[in-house]
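Here's the structure we're looking at; comments come further down.
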Amino acid sequence: MKKILITGGAGYIGSHTAVELVNAGFEPIILDDFSNSQASVVDRLGEIIGREVICFEGDCNDKSILEKIYKDHPFEGVIHFAAFKAVGESTQLPLKYYQNNIGSLVVLLGFMKEKGIQNIVFSSSCTVYGQPDSLPVTEDTPRKDAESPYGNTKKICEDILVDFVKSKAGVKVVSLRYFNPVGAHPSAKIGELPNGTPNNLVPFVTQTAAGIREKITVFGDDYDTIDGSCVRDFIHVMDLANAHVKALAYLEEQKVDFYDVFNVGTGNGNTVLEIIQTFEKVNRIKLNYEIGPRRPGDVVKIWADTTKINSVLGWHPQYTLEDSLRDSWNWEKSLTK
Ligand SMILES: NC(=O)c1ccc[n+]([C@@H]2O[C@H](COP(=O)([O-])OP(=O)(O)OC[C@H]3O[C@@H](n4cnc5c(N)ncnc54)[C@H](O)[C@@H]3O)[C@@H](O)[C@H]2O)c1
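So the sequence shown is residues 1 to 337, counted in UniProt numbering.
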């Protein structure tokens, strides 16, 4: 079985990707410092796949831990999820974000070059498009100045990868620009585990439904959208996880010194109010929400053009928005049990 290092593999997207890698016949090797996840996720992953998952606790800025892992588990590719992702915190503590998000990529790439490890899939984000001038966004839509240090780390990391490939370092790279991941594994054994107050809409919705939060505030209902609230492209995390497997297969077909980038979304936009209404309908729960003022810096509407990932990787989402919101709620209920 081909071994793939998953940095940040105990996190939300990484843990679901570990499941999809096993389903596709790969052996995931997790490296996580648990700065934004819990070690129990690894046990739950083991329950899903029916055997123990190999996991190392450590910081991927630390080359010695990469050496240690590689000695016992010579991995043939890397999926680099490990990063800090709280947009608000990144504006308060920018250096923390630049150091971890950029530093870890630099260490990892140096290590890959040294060992001749060719394939890497990088977690980028639709945040690189900022407030786009036209919709839907394609991979050729110009990237905008980032709205936050977090967003800037994603742009800079993409640029580092492009420069590294240009330097003929012998690597092959795919950057995946995720839209808005939601949902959880259908078993409800793993899902999104936000630290403190959630930054993302759906964990806020599920926590409100569970009585942990009093109410949801919808930031603005007077934008130029069908119901006035912001529009996003919500993608089930299992579909997103599967895109990584397809990206690895694609990289295997390429020659070295290769770079490509794909949007990973559904191609559909849904408003914040539609999410609330769909959640209520699918789960037969009334949510307490209020309309608040617009939030500075919010992108009004964005969704992906997925033509490239559909045609080149042969990837198509399998889950609906209803599936996502049902699985998110089942996950939340499993946490409060
Ligand atoms: N969730 C989203 O909405 C979203 C959207 C676009 C892009 N992304 C990107 O996808 C990736 C994964 O996001 P996620 O939602 O799963 O986040 P997450 O916080 O759940 O997972 C990241 C994991 O990385 C670990 N980690 C952080 N720094 C580390 C380090 N130096 N060494 C080892 N482990 C470290 C954390 O403990 C955590 O388990 C991130 O790069 C994020 O920026 C996420």
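Where a beta carbon is used, it is the ideal one built from N, C-alpha and C, also for glycine.
Endpoints, the alpha helix (DSSP H) within which residue i is located
{"i": "residue 246", "result": "237-252"}
{"i": "residue 275", "result": "272-283"}
{"i": "residue 334", "result": "321-336"}
{"i": "residue 309", "result": "307-312"}
Chain-order list of residues whose beta-carbon lies under 6 Å from that of residue i (same chain, five-residue window excluded)
{"i": "residue 73", "result": "3 and 29"}
{"i": "residue 232", "result": "180"}
{"i": "residue 170", "result": "256"}
{"i": "residue 100", "result": "84"}
{"i": "residue 191", "result": "184 and 331"}
{"i": "residue 66", "result": "111"}
{"i": "residue 292", "result": "217 and 219"}
{"i": "residue 242", "result": "20"}
{"i": "residue 90", "result": "97, 148, 149 and 150"}
{"i": "residue 87", "result": "148 and 150"}
{"i": "residue 325", "result": "278, 279 and 282"}
{"i": "residue 338", "result": "What the structure shows of the chain is the stretch from 1 to 337, and residue 338 is not part of that stretch, so it cannot be assessed."}
{"i": "residue 213", "result": "207"}
{"i": "residue 285", "result": "209"}
{"i": "residue 56", "result": "31 and 69"}
{"i": "residue 82", "result": "7, 8, 60 and 104"}
Contacts around residue i, its chain only, beta-carbon distance under 8 Å, and the 5 residues preceding and following it disregarded
{"i": "residue 1", "result": "25, 26 and 27"}
{"i": "residue 290", "result": "215, 216, 217 and 218"}
{"i": "residue 230", "result": "219, 220, 223, 271, 272, 298, 299, 300 and 301"}
{"i": "residue 128", "result": "143, 144, 146, 151, 154, 155, 158 and 177"}
{"i": "residue 252", "result": "119"}
{"i": "residue 130", "result": "143, 144, 145, 146, 147, 151 and 299"}
{"i": "residue 288", "result": "208, 214, 215 and 216"}
{"i": "residue 341", "result": "Residue 341 is absent from the structure shown; the chain starts at 1 and stops at 337."}
{"i": "residue 160", "result": "102, 105, 106 and 109"}
Span of the beta strand (DSSP E), counted from its first residue to its last, around residue i
{"i": "residue 299", "result": "Element bounds for residue 299: n/a, residue is neither H nor E."}
{"i": "residue 354", "result": "In the structure displayed, the chain extends from 1 to 337; residue 354 sits before or after that span and is not available."}
{"i": "residue 226", "result": "First-last for residue 226: undefined, no H or E at that position."}
Cβ neighbours of residue i in the same chain (closer than 7 Å, five flanking residues each side left out)
{"i": "residue 168", "result": "257"}
{"i": "residue 345", "result": "This structure does not reach residue 345, given that the chain is present from 1 up to 337, and the question cannot be answered."}
{"i": "residue 139", "result": "261, 262, 263 and 308"}
{"i": "residue 41", "result": "10, 15 and 190"}
{"i": "residue 195", "result": "36"}
{"i": "residue 254", "result": "172"}
{"i": "residue 319", "result": "183, 236, 238 and 239"}
{"i": "residue 132", "result": "141 and 302"}
{"i": "residue 116", "result": "170"}
{"i": "residue 18", "result": "6, 9, 28, 30, 45 and 53"}
According to DSSP, residues forming a beta bridge with residue i
{"i": "residue 259", "result": "173"}
{"i": "residue 7", "result": "31 and 80"}
{"i": "residue 122", "result": "80 and 175"}
{"i": "residue 216", "result": "289"}
{"i": "residue 181", "result": "235"}
{"i": "residue 202", "result": "Per DSSP, none; premise fails for residue 202."}
{"i": "residue 264", "result": "178"}
8 Å Cβ cutoff, residue i in contact with chain D
{"i": "residue 333", "result": "The displayed structure is made up of one protein chain only, and chain D is not part of it."}
Next item on the list: Can you check the segment 72-106 for any beta strand (DSSP E) of at least 3 residues that lies completely inside it and give the ranges in chain order?
Entry: 77-80
Next item on the list: Run through the segment 136-179 for me and flag every whole alpha helix (DSSP H) of 4 or more residues, listed as ranges in chain order.
Entry: 149-166
Notebook entry, point to check: Hey, which unbroken runs of the beta strand (DSSP E) at 3 residues or more fall wholly within the segment 20-62?
Noted result: 27-32 and 54-57
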